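*Asks:* Chains as they are written, first to last, in this note's numbering: chain A, 8 to 319; chain B, 8 to 319. My questions all concern the structure below.
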C-alpha cells in the first residue's frame, strides 16, 4: 500500500486529497458539490474524481489503502448517514458501502467536524497527543472528541456536539437546535455579534463598534486595539467558552484543546480570554491543560479522513 | 485460564472477588485495610489474601488470568498511582508492577469510581451497552465514563470527575476541591441536605423536614409522601444534575446513564427528577438516552476490576 484518499464533503465543494501512507499530502483539489435532485450525483462525482486521479497518476487499486469520507451530518460507527440536508441527502443509507462499491476500495466515513478533529490531532494543533478536544468556532460551534486516537462518535452520533452544551439559563432567543442557552449562541461568530449588539444596546460606552461593522473580526480587532467595550464582549465570550471547556475536562480530561474555525483567526488573544475563565472552574488536576490554535484550516477534513484509513 | 480476581481497595476494607472467566463470581470476601504507616501493609495483605484463596481452592497460577485492582485515587493508563491518601499512600508508584511481583500474576489497576463504572457497564445497570456514564451520588459525586467498553482515564487521571462540573456561578461555599459551584455541592447526599437547609431558612413553608432529621433519605421519603417543600428540593437537585448530564450527552453521547451511590436508594423517583430537567437542555439527538439505577451496589468495584483483566 502506498496511497490513500481523504475526502471532505461540504455543501458547496468537495475537497479531496491524495496522501501517501505516511500522511504526506501529494496532491489536493476540489470539485463542486451537486446537491440538487436529492444529491444523487454527489457520490458518483466523487468516485469519478478519485478514479480519474488514479488513472492520471498511474495508481493501481492494489496500491490504495482506501478512501475516507467526511460528511456534514451524523454518521454511525458502521457507516450509516442519517441525513445530510446540505448535500440534499434525506434518506438513511450506508455511505461507506455505497462509495466503496463505486470505487472498489475500502471506505471509512465520519462526521465532518469529527474528522476535522482527527486531522488536527494527527497533523495539526494536537499533533503528538492522543486525547484531543477540537472546537471549531464558525457560523456555529462544532467540535470533536478524540480519546486514545479515536473519534468519540457517541451512541446517537451526537458525540462532540460541543455547541449544544447548555451554558445560560436566562436566554429568550432559540438556538438553531431549538433549545435555549446553548454555547453556540455565545461562542460562534454570530454569537460574538449577538453579545456585542446586546451590550451596545445596554450601555452608552464609546467604542469603535458603535459606528462600524460588528463582526467577530471587528470585535477582536478592537480588543487588540485596547477598546474597553470590545474587551467586555471578549470577557463574556471567554467566560461561556472557558467554563464549558473546563466542564469537558472534568468529563474526558484531554491533553490539549485545539481551537479552530473563523473566529480563531483572532489568534492568541482569543486563547487568553478562554484560558482566563477556564482556570477559574477547571478541576485542579486539569488546570494546566494546553490550548492550541488549529493549524490545518480547511484541510483538517482531508487529513482526518485520510487518518480514518491509515489508522485501521 | 479459568479464574481471575477483582480487588476493590477502600479506606477501611478491601473487597475481593474470585471470578470465573465468564464473569461469574465464585466467592467474595473482605479484609481490613491497614492504612497506617504509609499503608505499607495494604498490598502485602492483599497478596496474602489472594494467594491464600488460591491455596484453599487448589488453584494453580497458570489457571489465573490475573488480578484487577481499584484504588481511591488517580491511576494512569500504565498503572501509576499518584497518591491515595485514604490508604496512606503518599508516593507515586506503579501499583500494577508492585502487586504483580508479589502475586506472580498479571495485574491491571484503575481508579475506584472508574472501575465501578466498568462493573456497572458489564454486569449492572448498563449491561449490554458499550457507552455508559456512571454517576455515583454518595458523600460526594463521582463517576466514570466508559466509551467503547473502555474507561476514559483522561490525560491527568481526571476523566469522569463528574462531581466537579461547574453548575452554579453564584455560590459562596467552597467545594472540597476548592472551586465554587461544583455539581457535588448540590447532587451529593450532603448537597441535597445543603439545598434543603437553605430553602428551610428562606421560606416558612410547612414540611416534615422542618422538625425532623434532614438527610437525602428523609428528603426523598418526603417527596414520595407528597411533601411540597421536599419536592422543591428535589426539583433543584434534578435541575443541577439533569442539566449536567445533558451536557455530558453533548460531549460523549452515552447509550445509558447509570445512577448509583447512597442517594440512588431513593429509587425511580430520583430518576424522574433528573430526567425532567435532562430533556429540557439535552441536544435533540440524545434526548431519549436511557437512565437506569445501578444494580451492583458495593460489588461494582470487584466486577469492574475483574473486567479489567478479562477484557485484555
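Don't be surprised by glycine CBs; every beta carbon is placed ideally from N, CA and C. For clarity, every value in this text was computed on a predicted model and none was experimentally measured.
Given this structure, state the Cα-to-Cα distance separating residue 202 of chain A from residue 240 of chain B, to the nearest angstrom.
*Replies:* Whole-angstrom Cα-Cα distance: 33 Å.
*Asks:* Return the first residue and the last residue of the alpha helix (DSSP H) that residue 255 of chain B is part of.
*Replies:* Unbroken alpha helix (DSSP H) run through residue 255 of chain B: 235-259.
*Asks:* Give me the chain A residues within the contact set of residue 250 of chain B, using Cβ-Cβ distance strictly less than 9 Å, ordered along the chain.
*Replies:* The answer, in chain order, is 173 and 176.
*Asks:* Suppose you measure from the CA of residue 280 of chain A to the CA of residue 289 of chain B; what does that come to, to the nearest Å?
*Replies:* Each residue's alpha carbon lies about 27 Å from the other.
*Asks:* Quick check: what's the CA-CA separation for residue 243 of chain B versus residue 193 of chain B?
*Replies:* So the alpha carbons of these two residues sit roughly 8 Å apart.
*Asks:* Counting C-beta neighbours from all protein chains within 10 Å, is the total for residue 15 of chain A 16 or more, i.e. buried, or is it exposed?
*Replies:* Label assigned to residue 15 of chain A: buried.
*Asks:* Looking at chain A, which residues of the stretch 142-168 of chain B have a Cβ within less than 8 Å of any of its Cβ atoms?
*Replies:* Within the stretch 142-168 of chain B, the residues whose Cβ lies closer than 8 Å to some Cβ of chain A are 152, 154, 155, 157, 159, 160, 161, 162, 163, 164, 165, 166, 167 and 168, listed in chain order.
*Asks:* Using a C-beta cutoff of 9 Å, does residue 134 of chain B count as contacting chain A?
*Replies:* It does not; no Cβ of chain A falls within 9 Å.
*Asks:* Between the Cα of residue 206 of chain A and the Cα atoms of A:238, A:232, A:195 and A:179, which residue gives the shortest distance?
*Replies:* Looking at the Cα atoms, A:238 is the closest of the given residues.
*Asks:* Going by DSSP in three states, residue 55 of chain B sits in which element: helix, strand or coil?
*Replies:* Looking at residue 55 of chain B - three-state DSSP - the assignment turns out to be helix.
*Asks:* List, in chain order, every chain A residue whose beta-carbon is nearer than 9 Å to that of residue 255 of chain B.
*Replies:* Simply 254 and 258.
*Asks:* Just the Cα atoms here: how many angstroms apart are residue 137 of chain B and residue 215 of chain B?
*Replies:* Each residue's Cα considered, the two are about 42 Å apart.
*Asks:* I'd like to know if residue 77 of chain B contacts chain A, where contact means its C-beta is closer than 9 Å to some C-beta of that chain.
*Replies:* Output row for residue 77 of chain B: interface = no.
*Asks:* Could you check whether the Cβ of residue 290 of chain B sits closer than 9 Å to any Cβ belonging to chain A?
*Replies:* Yes, because at least one Cβ of chain A sits closer than 9 Å to the Cβ of residue 290 of chain B.
*Asks:* Assuming residue 311 of chain B and residue 159 of chain B are in contact, meaning their beta carbons sit under 8 Å apart, how far apart are those beta carbons, in whole angstroms?
*Replies:* Not quite, the Cβ-Cβ distance comes to about 14 Å (not below 8 Å), so this is no contact.
*Asks:* Does any residue of chain B have a CB that is nearer than 9 Å to the CB of residue 117 of chain A?
*Replies:* Chain B contact via Cβ: absent.
*Asks:* Do we get a CB-CB distance below 9 Å when we pair residue 293 of chain A with the residues of chain B?
*Replies:* It does; some Cβ of chain B falls within 9 Å.
*Asks:* Rank B:154, B:106, B:257 and B:218 by C-alpha distance to the C-alpha of residue 47 of chain B and give the top, closest one.
*Replies:* Among B:154, B:106, B:257 and B:218, the Cα nearest to that of residue 47 of chain B is on B:106.
*Asks:* Taking the C-alpha atoms as reference points, what is the distance between residue 119 of chain B and residue 97 of chain B?
*Replies:* Answer to the nearest angstrom: the Cα atoms are 17 Å apart.
*Asks:* If you draw a straight line from the C-alpha of residue 93 of chain A to the C-alpha of residue 24 of chain A, how long is it?
*Replies:* About 21 Å.
*Asks:* Taking residue 262 of chain A as the query, report the chain B residues whose CB atoms sit under 7 Å from its CB, ordered along the chain.
*Replies:* Under the 7 Å cutoff, chain B gives 162.
*Asks:* Could you tell me which of B:69, B:140, B:124 and B:146 sits nearest to residue 111 of chain B, measuring between CA atoms?
*Replies:* Among B:69, B:140, B:124 and B:146, the Cα nearest to that of residue 111 of chain B belongs to B:69.
*Asks:* Please identify the residue among A:34, A:74 and A:63 whose C-alpha is closest to the C-alpha of residue 8 of chain A.
*Replies:* Minimum Cα distance to residue 8 of chain A is reached at A:74.
*Asks:* If you draw a straight line from the alpha carbon of residue 262 of chain A to that of residue 286 of chain A, how long is it in whole angstroms?
*Replies:* About 15 Å.
*Asks:* Report the option in B:166, B:147 and B:164 whose CA atom is closest to the CA atom of residue 182 of chain B.
*Replies:* Nearest option by C-alpha distance: B:147.
*Asks:* Nearest by alpha-carbon distance to residue 301 of chain A: which of A:108, A:162 and A:272 is it?
*Replies:* Among A:108, A:162 and A:272, the Cα nearest to that of residue 301 of chain A is on A:272.
*Asks:* I need the straight-line Cα distance from residue 29 of chain A to residue 268 of chain A, nearest angstrom please.
*Replies:* Roughly 26 Å between the two C-alpha positions.
*Asks:* Excluding the 5 residues preceding and the 5 following residue 103 of chain A in the sequence, name in chain order all residues of the same chain whose CB lies nearer than 7 Å to its CB.
*Replies:* Answer for residue 103 of chain A: 86, 114, 115 and 116, listed in chain order.
*Asks:* Under 9 Å, Cβ to Cβ, is there at least one residue of chain A near residue 296 of chain B?
*Replies:* Yes, contact with chain A.
*Asks:* Residue 217 of chain B: buried (16+ other C-beta within 10 angstroms of its C-beta) or exposed?
*Replies:* Residue 217 of chain B should be labelled exposed.
*Asks:* Looking at the structure shown, is residue 101 of chain B part of a helix, part of a strand, or coil, going by DSSP?
*Replies:* In this structure, residue 101 of chain B counts as strand in the three-state DSSP scheme.
*Asks:* Please tell me whether residue 287 of chain A has its Cβ less than 9 Å away from any Cβ of chain B.
*Replies:* Taking Cβ atoms only, chain B reaches closer than 9 Å to residue 287 of chain A, which makes this a yes.
*Asks:* Using the DSSP secondary-structure output, state which residues sit across from residue 36 of chain A in a beta bridge.
*Replies:* Note: residue 36 of chain A sits in a beta bridge opposite A:23.
*Asks:* Closer than 9 Å, CB to CB, is residue 186 of chain B near chain A or not?
*Replies:* Answer yes: the Cβ-Cβ gap between residue 186 of chain B and chain A drops below 9 Å somewhere.
*Asks:* Could you tell me the distance, in whole angstroms, from the CA atom of residue 162 of chain A to the CA atom of residue 236 of chain A?
*Replies:* Each residue's Cα considered, the two are about 43 Å apart.
*Asks:* So is the beta-carbon of residue 148 of chain B under 8 Å away from any non-hydrogen atom of the ligand ZN?
*Replies:* Only the bare structure without any ligand can be found here, which leaves the ligand ZN out of the picture.
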